[in-house]
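Q:
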Amino acid sequence: MVYKPRYIRTKEIVGTALITLLVLSISQFMKFTLLNKIKAFRGCDNWGCGSFGASRGEHKHKGIDFAMAENDVVLAPFPCEIIRHGYAYSDLSYKLIEIRGLRSYSDYTAKIMYIKDFAPVGTIINEGQKIALADNIAARYSTTMTNHVHFELYLRGKLIDPTNLF
1 MVYKPRYIRT KEIVGTALIT LLVLSISQFM KFTLLNKIKA FRGCDNWGCG SFGASRGEHK
61 HKGIDFAMAE NDVVLAPFPC EIIRHGYAYS DLSYKLIEIR GLRSYSDYTA KIMYIKDFAP
121 VGTIINEGQK IALADNIAAR YSTTMTNHVH FELYLRGKLI DPTNLF
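First residue of the sequence shown: 1, per UniProt numbering; consecutive thereafter.
(1) Going by C-alpha to C-alpha distance, which of Ser-142, Leu-165, Leu-35, Val-149 sits closest to Ala-76?
(2) Exposed or buried, what is Asn-71 when buried is set at 16 or more other beta-carbons lying within 10 Å of its beta-carbon?
(3) Please confirm whether Ala-88 and Phe-151 have their CB atoms less than 9 angstroms apart.
(4) Using the three-state DSSP reduction, which class does Leu-24 fall into: helix, strand or coil?
(5) With a 10 Å radius around its C-beta and 16 neighbouring C-beta atoms as the bar for buried, classify Cys-80 as buried or exposed.
(6) Among the residues of its own chain, which have a CB less than 6 angstroms from the CB of Lys-130, if the five just before and after it don't count?
(7) Where in the stretch 48-104 do unbroken runs of the beta strand (DSSP E), each at least 3 residues long, occur, reported from the N-terminal end onward?
(8) Closest to Ile-124 by C-alpha separation, out of Tyr-141, Ile-97, Ala-138, would be which residue?
(9) Applying the 10 Å Cβ sphere with the 16-neighbour rule, what's the burial state of Val-149?
(10) Can the beta-carbon of Ala-67 be found less than 9 angstroms from the beta-carbon of Arg-42?
(11) How big is the Cα-Cα spacing for Gly-101 and Trp-47?
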């Protein structure tokens, strides 16, 4: 057994802690490309508010809503790969995609809902490029709800508030 002085272990621990703090602080300052080119979030309407954590009766809103008209281009918030197609509800009319970030965004996954005309699973999309078109939600909610695209963000699998990243 080789004896290692105690201070080397302390240096290793401090070094690891500093690297961890640096990585976490960098991720806190990352900014994403807006999904709708203009910083227009859905405010409050007859159906509720589009902000993260807004009341939804017995649960909270899991994402943020970008106000968009039907057929507006939805942009990729970061470089990503489409990893899944799905449905926003049991109603097969409303679709979603799940994306996984690439490179420095690899810890992020996101769900983008109320969209159409998106690429197949496995497609790589660069930040700021078209990822889909906004759908029309009036058939489900009526015209009293602001048309929007819903965005949920996960960091290492945990749901987070994406508001300050835009």
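Where a beta carbon is used, it is the ideal one built from N, C-alpha and C, also for glycine.
A: Taking the definition as stated:
(1) Leu-35
(2) exposed
(3) In terms of Cβ geometry, Ala-88 and Phe-151 do not form a close pair [threshold 9 angstroms].
(4) In this predicted model, Leu-24 has a pLDDT of only 44, less than 50, meaning its place in the structure is not dependable enough to derive any value.
(5) Using a 10 angstroms sphere on the CB of Cys-80, the tally of other CB atoms reaches 16 or more, which defines it as buried.
(6) Closer than 6 angstroms at the Cβ level, and outside the excluded window around Lys-130, lie Val-73.
(7) 64-67, 73-75, 80-87, 95-101
(8) Ile-97
(9) Classified as buried, Val-149 has 16 or more neighbouring CB atoms from the shown chains inside 10 Å of its CB.
(10) Closer than 9 angstroms, so yes.
(11) 31 angstroms
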